[in-house]
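Reading through the structure tokens given below for one structure.
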Amino acid sequence: GAGNTWTFTGLADTGGTAPTNLPIEVDGGVCVLYPFIFVYGSNGFIANNNVDSAYGSQTIYDWNGPLANQVNVSSSKIVKGYPMRGGTNAPSGLFWATDSLIRVSFNSQATSNYWSYDIVSSQISIMSSNAIVEMDGLFFWMGVDRFYLYNGQVAVLPNDKNVNWLFDNINYTQRQKVWATKIPRYNEIWFFYPRGSATECTDAIIYNVKDKLWYDAGQAVGARRSCGYTTEILPTP
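Right, dumping it as structure tokens:
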């Protein structure tokens, strides 16, 4: 705009044929299951909106169109959403609530009820919204007392090496600081966490997906990281 300034306004359902004029409010997050945008948050709330002309003329302000959808699929908060394999003609995704895993899929051949919501498991936990990693089509995450794997169904990721070392010493009051990333070159997934009374990440526990081995960083300097990103186009992260 004028003077190189930005003006931000709240997003609301103000377009389409039957606008509600209600704000689109979420406290969980946003993800894209192309070509749909999803928002999610408390009380199992998930809403989506199509913003691609291939599926009609919906815009970012139209959350009431024929392909739009709003549901409450859980009694707990949805904390993370990830796209998964399914293709652009059948977008699919996984959504983690604090106590369940939900699979969302789109049926382009349907005449109504385009979206299906399936509770994959209601017996899981998740340590934080950033404790999930997708690697080679599989999803790995840290729960509050064990690790999980999703490969079409939920399974416990075995760890008989250092799981008690982690859960006996993690600072649970700072659990949302826990985050995970991957180093594909070395087939490793790193879970960073605050140890003892630390309020920021001081240690990391590492899983090698090729060799199916666990080891840890022992509070090395390289493990004292609060955030990070793994590039997918360069040889080293």
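So the sequence shown is numbered by the numbering used here: it starts at 3 and just counts up by one. A virtual CB, placed ideally from N, CA and C, is assigned to each residue, including glycine. Because the structure is a prediction, the values reported are computed rather than measured.
Do Val32 and Phe47 have their C-beta atoms within less than 9 Å of each other?
No, they are not a contact pair.
Looking only at C-alpha atoms, which of Leu151, Ile235, Gly224, Gln155 sits nearest to Tyr209?
Looking at the Cα atoms, Leu151 is the closest of the given residues.
What residue range is occupied by the uninterrupted alpha helix (DSSP H) comprising Asn166?
Unbroken alpha helix (DSSP H) run through Asn166: 165-169.
Out of Asp147, Asn173, Thr175, Ile128, state which residue places its alpha-carbon closest to the alpha-carbon of Val165.
Val165 has its Cα closest to that of Asp147, out of Asp147, Asn173, Thr175, Ile128.
Would the beta-carbon of Leu13 fall within 9 Å of that of Pro21?
No, they are not a contact pair.
Quick check on the burial criterion: 16 or more other C-beta atoms within 10 angstroms. Buried or exposed for Ser130?
The residue is buried, with at least 16 neighbouring Cβ atoms inside 10 Å.
Check the C-beta distance from Arg197 over to Gln221 and give it rounded, since I have them as a contact under 8 Å.
Right, the Cβ-Cβ distance comes to about 7 Å (below 8 Å), so this counts as a contact.
DSSP puts Gln72 in a beta bridge; with which residues?
Answer is Ala49.
Are at least three pairs of beta-carbons, each pair with one atom in the stretch 108-127 and one in the stretch 58-67, less than 8 Å apart?
Verdict: no, contact absent.
Please name the residue or residues paired with Tyr217 in a DSSP beta bridge.
Its beta-bridge partners are Ile208.
Taking only the alpha-carbon atoms, compute the straight-line gap between Ile185 and Gly224 and give it to the nearest angstrom.
Their Cα atoms are separated by approximately 13 Å.
Which residue wins for smallest C-alpha separation from Ala219, given the options Ile207, Lys82, Val211, Asp213?
The option with the nearest alpha carbon to Ala219 is Ile207.
With 16 other CB atoms within 10 Å as the buried threshold, where does Lys212 fall?
So Lys212 counts as exposed.
Around the C-beta of Thr204, are 16 or more other C-beta atoms found within 10 angstroms, so that it is buried, or is it exposed?
So Thr204 ends up on the buried side.
Tell me whether the beta-carbon of Val122 lies closer than 9 Å to the beta-carbon of Leu140.
Their beta carbons are not under 9 Å apart, which means Val122 does not touch Leu140 by this criterion.
Under 8 Å Cβ to Cβ from Ser199, same chain only, skipping five residues before and after it: list those, please.
Cβ within range, chain order: Asn173.
Using three-state DSSP, classify Ala200 as helix, strand or coil.
Ala200: coil per DSSP, three-state reduction.
By DSSP, does Ser44 sit in helix, in strand, or in coil?
Residue state, collapsed to three classes: helix.
Should Val158 be labelled buried (16 or more other beta-carbon atoms within 10 Å of its own) or exposed?
With fewer than 16 other Cβ atoms within 10 Å, it is exposed.
Give me the residue from Phe149, Asn153, Asp170, Gln155 with the minimum Cα distance to Asn161.
It is Phe149.
Residues in its own chain within less than 8 Å of Asn23 by CB, not counting five upstream and five downstream?
Within the same chain, Asn23 has close Cβ partners Ala14, Asp15, Thr16.
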